[in-house]
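One structure is given below, encoded as structure tokens.
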Amino acid sequence: MEHQINVMISEEDVNKRICEMGAQISKDYAGKELHLICVLRGGSFFMCELAKRITVPVSLDFMSVSSYGSDTKSSGVVKIVKDLDDSIQGKDVLVVEDIIDSGRTLSYLMEMFKDRGPASLHLCTLLDKPDRRVIEVNVDYTGFEIPDKFVVGYGLDYDQKYRNLPYIGEVII
């Protein structure tokens, strides 16, 4: 089934903002090595583009969690599908997410990561939907704050479709 998708944030604006975020992160972590943790699957598009724009040494790891399934709203249950491959003990860690919605998933993950002993732990998201927040999370780097609309593109999907759109679009259901 095809869906109507309206452009919310253009490809040009997304790329410009990621460059700005990369510059700020590079400045904040000057002289350090940064360990990026990507929340799969949607975060992979954003993390790859962000990593290319960070000038300090970076290492990458991936975690897969599920809280959506094939619905447009979070189920509220966080399920770890794939845990990290590497220890984060003593590392400067930046968790990279595509979107923060209710805050449940990121709140859960950030608490879990704190228990693993990183030197520092911060959070970066391409999109933030504060109107949907159920659990507060501290977001250190935000690409765009958006209204409570269901969006796709740049890694975000609707039932595994539309991830490859080069912009952020609103799905009209």
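First residue of the sequence shown? That's 25 in the numbering used here, and the numbers climb one at a time after it.
All residues carry an ideal CB built from backbone N, CA and C; glycine is no exception.
Collapsed DSSP secondary structure at K153 in the structure displayed: In the sequence shown, residue 153 corresponds to position 129, counting from 1. Looking at K153 - three-state DSSP - the assignment turns out to be coil, as it is neither helix nor strand.
Enclosing alpha helix (DSSP H) for G114 [first to last residue]: By 1-based counting over the sequence shown, the position of residue 114 is 90. Unbroken run through G114: none, as it is neither H nor E.
Pick from P190, V175, K106, L145 that is closest to I197, judged by C-alpha positions: If you number the sequence shown from 1, residue 197 lands on position 173. Measuring C-alpha to C-alpha distances from I197 to each of P190, V175, K106, L145 identifies V175 as the nearest.
Q113 beta carbon near the ligand SAM (any heavy atom closer than 7 Å): Because no ligand of any kind appears in the structure shown, any question about the ligand SAM cannot be addressed here.
Test item: CB-CB of V63 and V120 under 8 Å: As a working note, residue 63 is residue 39 in the sequence shown. As a working note, residue 120 is residue 96 in the sequence shown. Yes, they are a contact pair.
Run of the beta strand (DSSP E) containing Q28, from where it starts to where it stops: Locating residue 28 in the sequence shown gives position 4, counting from the first residue. Looking at the DSSP string, the run of the beta strand (DSSP E) that includes Q28 is 28-33.
Proximity of F137 and I112 at Cβ, strictly below 8 Å: For the purposes of this step, residue 137 is taken as residue 113 along the sequence shown, with counting starting at 1. For the purposes of this step, residue 112 is taken as residue 88 along the sequence shown, with counting starting at 1. F137 is a Cβ neighbour of I112, given a cutoff of 8 Å.
Delimiting residues of the beta strand (DSSP E) encompassing E57: For the purposes of this step, residue 57 is taken as residue 33 along the sequence shown, with counting starting at 1. Where E57 is concerned, there is no enclosing beta strand (DSSP E), given that its DSSP letter is neither H nor E.
Segment limits, beta strand (DSSP E) that includes G193: As a working mapping, residue 193 is identified with position 169 in the sequence shown. Per DSSP, G193 belongs to the beta strand (DSSP E) from 192-196.
CB contact below 8 Å: I124 versus chain D: You won't find chain D in this structure, because it holds only one protein chain.
Same chain, Cβ closer than 8 Å to I29, neighbours up to 5 away in sequence not counted: On the sequence shown, position 5 is the one that residue 29 refers to. Within the same chain, I29 has close Cβ partners V176, G177, Y186, L189, G193, E194, V195, I196.
Close-in-space but distant-in-sequence residues of the same chain around M45 (CB under 8 Å, 5 per side omitted): Against the sequence shown, residue 45 aligns to sequence position 21. Within the same chain, M45 has close Cβ partners L74, R77, C148, Y165, G167.
Whole-number beta carbon distance between V82 and S126, since they are thought to touch under 8 Å: Counting from one through the sequence shown, the residue named residue 126 turns up at place 102. Counting from one through the sequence shown, the residue named residue 82 turns up at place 58. Between S126 and V82 a beta carbon distance of about 28 Å is seen, past the 8 Å cut, so the two are scored as non-contacting.
Y132 - containing alpha helix (DSSP H), residue span: In the sequence shown, counting from the first residue as 1, residue 132 sits at position 108. Segment 128-138, the alpha helix (DSSP H) holding Y132.
Between the CA atoms of L84 and K173 - distance to the nearest angstrom: Looking up residue 173 in the sequence shown gives position 149. Looking up residue 84 in the sequence shown gives position 60. Our two residues, K173 and L84, have alpha carbons roughly 30 Å apart in a direct line.
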